[in-house]
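Engineer:
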């Protein structure tokens with residue numbers, strides 16, 4: 031029992047920051063391209079130590095889905111947000127389940143954290 035209490039206290043003793051992505055349940059709308067749908071998303075960076083985020087799209091089994099966007103790697107400064115659009119082929123819509131962003135940590139230089147955060151929005 032003491033071990034569980036120590037682990038619990040350790041978890042609450044550390045600060046945890048992540049980024050936000052909205053909407054939580056994006057709606058896929060028709061795009062200006064035939065046979066392609068679009069999801070309009072917004073990313074908010076609450077992490078001082080991270081500036082870059084990678085966009086990914088997955089199936090329910092976490093297999094990657096082909097998609098298009100203007101930038102797969104977004105640069106978002108601390109306490110700033112950025113709008114982006116994800117384009118998915120209509121034939122892939124049925125198998126598409128998640129749109130995710132993952133924080134990217136630099137390999138070199140001083141890093142305050144080694145933890146990468148991944149936030150996903152579930153497609154309705």
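Numbering (the numbering used here), first residue to last: 31 to 154. Built from N, CA and C at the ideal position, the CB exists for glycine as well. Treat the numbers as computed from the prediction; the structure is a model and nothing was measured.
If you compare alpha carbons, which of 111, 147 and 94 is closest to residue 122?
Structural biologist: Along the chain shown, read from residue 1 onward, the residue named residue 122 stands at position 92. The option with the nearest alpha carbon to residue 122 is 94.
Engineer: Identify which residue in 113, 128 and 96 has its Cα closest to the Cα of residue 71.
Structural biologist: The residue labelled residue 71 in the question sits at position 41 within the chain shown. Nearest option by C-alpha distance: 113.
Engineer: To the nearest angstrom, how far is it from the Cα of residue 78 to the Cα of residue 133?
Structural biologist: Indexing the chain shown from 1 puts residue 78 at position 48. Indexing the chain shown from 1 puts residue 133 at position 103. Spanning the two alpha carbons is a distance of roughly 12 Å.
Engineer: Residue 80 and residue 135: beta carbons closer than 8 Å?
Structural biologist: Against the chain shown, residue 80 aligns to sequence position 50. Against the chain shown, residue 135 aligns to sequence position 105. Yes. Within cutoff.
Engineer: Find the nearest neighbour of residue 106 within the set 97, 96 and 75, judged by alpha-carbon distance.
Structural biologist: Here residue 106 refers to the residue found at position 76 when the chain shown is read from its first residue. The shortest Cα separation from residue 106 among 97, 96 and 75 belongs to 75.
Engineer: Identify the residues that DSSP records as bridge partners of residue 119: which are they?
Structural biologist: Translated into the one-based positions of the chain shown, residue 119 becomes position 89. DSSP output for residue 119 lists 66 as bridge partner(s).
Engineer: Rounded to the nearest angstrom, what separates residue 131 and residue 62 at their Cα positions?
Structural biologist: In the chain shown, counting from the first residue as 1, residue 131 sits at position 101. In the chain shown, counting from the first residue as 1, residue 62 sits at position 32. Approximately 24 Å between the Cα atoms of the pair.
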